[in-house]
Ligand code: MV4
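In our numbering, the protein residues as written are 554 to 1054.
Written as structure tokens, this is what we have:
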């Protein structure tokens, strides 16, 4: 047990601010670090103290664990909160923090390391009877043996890198003839990307949902889950919209997946806030994928439906306090949705669109939360993640959360850069999203930039854009645009409005 009086936040942007807010409410003083590109950033102004740790590149600043630990020693810091990204899942850093006599607000270096290896993670959870996708349990060394297993599992199969995760280092193989070639490519990719060429095979689940379960573990062996987040709306493994609870989980399935998540956490003696990822197939079978050993970007939707402050829980756990609730004390209230607002142009293949926030006015009102790190007039630096804000709504049910999100998107005023706001509105109004009948292929199925054609200047051109989208989709034999997209001529005109405002 140690009371934390001063925290250094080894991060930037919205998550640095979000962590500092909770620390302040707990009477804990805050130290920001920043790079030369972030001198004027909000997280620097918000902190009680701030130290420049190096150049604009992450490798010169936010990733400099040695400098960060020195700053802690110099300023009498008790604990480091790593946020997400940067050093948050770096086991060596967590170890160095510990060796310096500081508290790492997160799991043990051992748990980070174990879960960093997909194969080691699978082996560790195997004794808990956790459902896993059929495939190999070990790294493939013998290509003939691998072919046999692939044939048993049935094509298509997926080759995954053990050191990968979040979609990195994955390859779909359609048939046995291309197996050997794909396998060799996967191994060489994994070797150059991760310095570890270990790969394994899984049956390919064609159109899964991505459901993840939030867990919390304390230093006394108590572990609870905080229900699920549905994260299927992604593009190129980058989540865009998340919600809690999922529209498709029954109470029984929620309890079963929750218990599995708790067991995964037990398998690595997990301490702190973590997330267990599952795939859910169309028959509602679920499979353990991996565990993320950090606070995730989308944690606010869990906070909204549980009423808990996850950062405060992390800090209390790091102080050695027991969890103040048991599983049976936890329940879901209402529904929450998060839209990630990226500085990207959805009409132009989501290319990063950096520049100055000429206008930046946040939406407000009951059930609307904005976690961001920018103000009007600021430049979006090119060096970091292009996410500028997380727009989170909370309603008594899913429909109300959707209505609030659409209203909040309309109220948000951003000019100077293109953002994913109009894209978010398209998804929120889409019949497949509204009905809850969607999976990880949503964007692939329903989104083409043509549907978003915003260069039109009058309604006839809007209609032409929608028609062009229909023709294109028919041509590709994809499902037609939703009734909502058609009846609402505005899908295009509203985006234009959102742009020009
Ligand atoms: C899969 C899969 C299908 N079958 N594994 C992507 C992220 C990484 N955590 C695992 N991923 C997947 N693993 C099997 N056996 C499909 C994906 C996948 C995916 C998963 C979650 C969310 C979005 C996704 C998009 C494409 C592929």
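Every residue gets a Cβ at the ideal spot worked out from N, C-alpha and C, and that includes glycine. Since this is a predicted model, take the numbers as computed values, not measurements.
- DSSP, read as helix, strand or coil, puts residue 715 in strand.
- Distances from the alpha-carbon of residue 627 to those of 681, 616, 561 and 589 put 561 closest.
- Counting only runs of 4+ residues, the alpha helix (DSSP H) found wholly inside the region 709-769 occupies 732-747, in chain order.
- Pairwise C-beta distances place the region 760-779 out of contact with the region 960-977, as fewer than three of them are shorter than 8 Å.
- Distances from the alpha-carbon of residue 616 to those of 581, 829 and 565 put 565 closest.
- Between the region 834-844 and the region 927-942 there are fewer than three inter-stretch CB-CB distances shorter than 8 Å, so the stretches are not counted as touching.
- In the three-state reduction of the DSSP assignment, residue 773 falls in the coil class.
- Judged by their CB atoms, residue 618 and residue 650 are nearer to each other than the 9 Å cut-off.
- As DSSP reads the structure, residue 840 sits in a beta bridge with 832.
- The C-alpha of residue 912 lies about 9 Å from the C-alpha of residue 970.
- Here residue 1000 carries a coil assignment [DSSP, helix/strand/coil].
- For residue 961, the closest C-alpha among the options 707, 914 and 951 is that of 914.
- Taken through DSSP and simplified to helix, strand or coil, residue 914 comes out as strand.
- The Cβ-Cβ distance between residue 820 and residue 678 falls below 9 Å.
- The beta carbons of residue 834 and residue 761 sit closer together than 9 Å.
- Going by DSSP, residue 822 is part of no beta strand (DSSP E) at all; its letter is neither H nor E.
- Judged by their CB atoms, residue 691 and residue 659 are not nearer to each other than the 9 Å cut-off.
- Not one heavy atom of ligand 1 is found less than 8 Å from the C-beta of residue 844.
- For residue 675, the shortest separation between its Cβ and any heavy atom of ligand 1 does not lie below 8 Å.
- With contacts defined as CB atoms closer than 9 Å, residue 854 and residue 891 qualify as a contacting pair.
- Counting C-beta pairs closer than 8 Å gives three or more between the region 702-711 and the region 680-691, which meets the contact rule.
- Taking C-beta atoms as the reference points, residue 674 and residue 812 fail to come closer than 9 Å.
- Annotated three-state conformation of residue 886 is coil, per DSSP.
- When secondary structure is reduced to three states using DSSP, residue 799 falls in the coil class, being assigned neither helix nor strand.
- In the three-state reduction of the DSSP assignment, residue 855 falls in the helix class.
- Residue 605 is bridged by DSSP to 587.
- In this structure residue 858 is not in contact with residue 804, their Cβ atoms being roughly 14 Å apart against a cut-off of 8 Å.
- Scanning 937, 958, 906 and 672 for the CA closest to the CA of residue 944 turns up 958.
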